[in-house]
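Per the numbering used here, the very first residue in the sequence shown carries number 1264; after that it's consecutive. Let me begin by presenting the structure, written as structure tokens, before commenting on it.
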Amino acid sequence: MLILAAPDLTAYVLGGASSVLLLLAFLVAIIGLLAALRRGTWQSGPWSMGRWLVPASVFALVTLAALAINVGWPREALFGAGLKSWRPLIVVIVVIVTGLLLNRWAFRDGGIHVRNHGHVDRDLHERIELAHTGTCSVCHRTLSPGEEVFWNPEAHVTICVACDEDVVV
């Protein structure tokens, strides 16, 4: 619809808005990393940046924030004069608010709506012992060999005992 209303400016508006949203997505990941580092819950994997992790993360945070501000800054030359120059920022705000509202709706009542996938049926469960490693389909925890899990043959999923007790059918 926006393309039909203003075809000459649409590419700039959508390009600016999508670029800002992409930069903000990376920014959220960096903020999560820094929060985990501050809480002391960050566990490095087989490869680590060592003592350079915090400075590199702070640099990435500042750089991404500056890039998002630069790309989203209202420019008359690109987006038009007056209120038109704010269109990319308005699109970004609408997308973020819509996403937050959908997230709040999806995780209502403690998130039971996203945990109950509709395919969990206690009659189909078979309690098995894993011969190899696997992953719980609900909490995505790595399961070790020999661990007892529930197998759902219809959905082809394994569910750990703790998650199976939490799932409301």
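Glycine included, every Cβ here is placed at the ideal spot set by N, Cα and C.
If I measure Cβ to Cβ from residue i and keep anything under 8 Å in the same chain, skipping five residues before and after, which residues do I get?
{"i": "residue 1358", "result": "1280, 1284"}
{"i": "residue 1333", "result": "none"}
Cβ of residue i within 8 Å of Cβ of residue j?
{"i": "residue 1300", "j": "residue 1331", "result": "no"}
{"i": "residue 1290", "j": "residue 1328", "result": "yes"}
{"i": "residue 1312", "j": "residue 1319", "result": "yes"}
Using only the alpha-carbon positions, how far apart do residue i and residue j sit?
{"i": "residue 1298", "j": "residue 1307", "result": "14 Å"}
{"i": "residue 1348", "j": "residue 1361", "result": "22 Å"}
{"i": "residue 1335", "j": "residue 1341", "result": "11 Å"}
{"i": "residue 1310", "j": "residue 1316", "result": "11 Å"}
{"i": "residue 1403", "j": "residue 1352", "result": "36 Å"}
Only counting the same chain, and skipping five residues up and downstream in sequence, which positions put a Cβ closer than 6 Å to that of residue i?
{"i": "residue 1305", "result": "1299"}
Classify residue i as buried or exposed, calling it buried when 16 or more other Cβ atoms lie within 10 Å of its own Cβ.
{"i": "residue 1363", "result": "exposed"}
{"i": "residue 1293", "result": "buried"}
{"i": "residue 1415", "result": "buried"}
{"i": "residue 1371", "result": "exposed"}
{"i": "residue 1350", "result": "buried"}
Got a sec? Which residues, its chain only, sit under 7 Å from residue i by beta carbon, not counting five neighbours each side?
{"i": "residue 1399", "result": "1406, 1421, 1422, 1423, 1426"}
Please confirm whether any heavy atom of the ligand NAD lies closer than 7 Å to the CB of residue i.
{"i": "residue 1329", "result": "For the ligand NAD, the structure offers nothing, since it holds no ligand at all."}
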